[in-house]
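The structure appears right after this line, and notes come after that.
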Amino acid sequence: MRIKRLKLSGFKSFVEPAELRIEPGLTGVVGPNGCGKSNLLEAIRWVMGESSPKSMRSGGMEDVIFAGTTQRPPRAFAEVVLLADAGDNDSELEVVRRIERGAGSAYRVNGRDVRAKDVALVFADAATGAHSPALVSQGKIAAVIAAKPAERRMMLEEAAGIAGLHVRRKDAEQK
Ligand code: ATP
Ligand code: MG
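Take 1 as the starting number for the sequence shown in full-length UniProt numbering and just add one per residue.
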C-alpha cells in the first residue's frame, strides 16, 4: 500500500482544508518548531483508526479538532482523507475519518460507511496501520527499547501482516 494523498480539514493546527500529495520517492516535510510536522504523521495514524488520545498527544479524542486561537473560532469537526494505492490491480483506496464534537468518529471506505474495526482490517491486511512500525513518531525509538516482550511481539506481528488475524479471532470469540 502506498499513500498518495492526504487531505486535512480542522485537524489540529490544519484549520483550513489542506492537501498533501505524496509522490513516489522520498518526501520531506520541513518547517520551524510547532508548524505541524508531527501533526501530519498523527493525521495518518488517526485516519487509520488510532483510538488512543495519548498517542495523538491529546487528552481526549475531540482534542484533535482545531481548538481555535485568539484570531479564529474553534472548528466543529475534524476530517482526514487518505488516498492510497491498494496494491492489487491499480485499485484506489479512500479512507475518511471524521469527528464531530459530542458525536464521536465516523469512518468511510471508498464511499461506504464502515466501522472502526473494518478500517483496522483494511490496513492490517496490507501489513500497516495506526501502530505500524513504519510510522515512527518523536520519542518512539526510546519506547521500542523500553517495550515489554508482549508489546514488542505486537510490533513484529503487525510488521509481518498477521495482526488482522487477532482482530478476526476476537470477533469470532464474541459471536
Ligand atoms: P517540532 O519541530 O517541535 O517537532 P512540529 O512541526 O512537529 O514541531 P507539531 O507538534 O506537529 O509541530 O504542531 C504543534 C502545533 O499544533 C502547536 O502549535 C499546537 O498548538 C498545534 N495544535 C495541536 N493541536 C491543536 C488543536 N486541536 N487546535 C489548534 N492547534 C493545535
Ligand atoms: Mg514534531
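Backbone N, C-alpha and C define an ideal beta-carbon position, used for all residues, glycine too.
In this text the structure is predicted, and so the values were computed from the model without any measurement.
Hey, would you say G49 sits closer than 8 Å to A116, going by beta carbons?
Here residue 49 refers to the residue found at position 49 when the sequence shown is read from its first residue. Here residue 116 refers to the residue found at position 116 when the sequence shown is read from its first residue. Their beta carbons are under 8 Å apart, which means G49 touches A116 by this criterion.
Closer than 7 Å to a non-hydrogen atom of ligand 2 - does that hold for the CB of K37?
Position 37 of the sequence shown, counting from 1, holds the residue named residue 37. Flag set: Cβ of K37 near ligand 2.
Buried versus exposed, by CB contacts within 10 Å (16 or more), H131:
Translated into the one-based positions of the sequence shown, residue 131 becomes position 131. Buried.
Which word fits D26, buried or exposed, when buried means at least 16 other C-beta atoms lie within 10 angstroms of its C-beta?
Locating residue 26 in the sequence shown gives position 26, where the first residue counts as 1. Sequence inspection shows Leu at residue 26; the Asp mentioned does not correspond to that position. The residue is exposed, with fewer than 16 neighbouring Cβ atoms inside 10 Å.
To the nearest angstrom, report how far apart A86 and L40 are at their CA atoms.
Your numbering for residue 86 matches position 86 in the sequence shown. Your numbering for residue 40 matches position 40 in the sequence shown. C-alpha separation (whole angstroms): 21 Å.
Could you tell me which residues DSSP puts in a beta bridge with V109?
Walking along the sequence shown from the start, residue 109 turns up at place 109. In DSSP, V109 forms a bridge with V95 and R112.
Per-residue DSSP class, three states only, for L8:
One-based indexing of the sequence shown puts residue 8 at position 8. Note: L8 maps to strand in three-state DSSP.
From P17, L121, G129 and I141, residue whose alpha carbon lies closest to that of V80:
Sequence index remark: in the sequence shown, residue 80 carries index 80 (1-based). Answer by Cα proximity: P17.
Is G71 a contact residue of ligand 2, with contact defined as CB to any heavy atom under 7 Å?
Position 71 of the sequence shown holds residue 71. Residue identity check: residue 71 is Gln in the sequence provided, not Gly. Answer for Q71: no, Cβ out of range of ligand 2.
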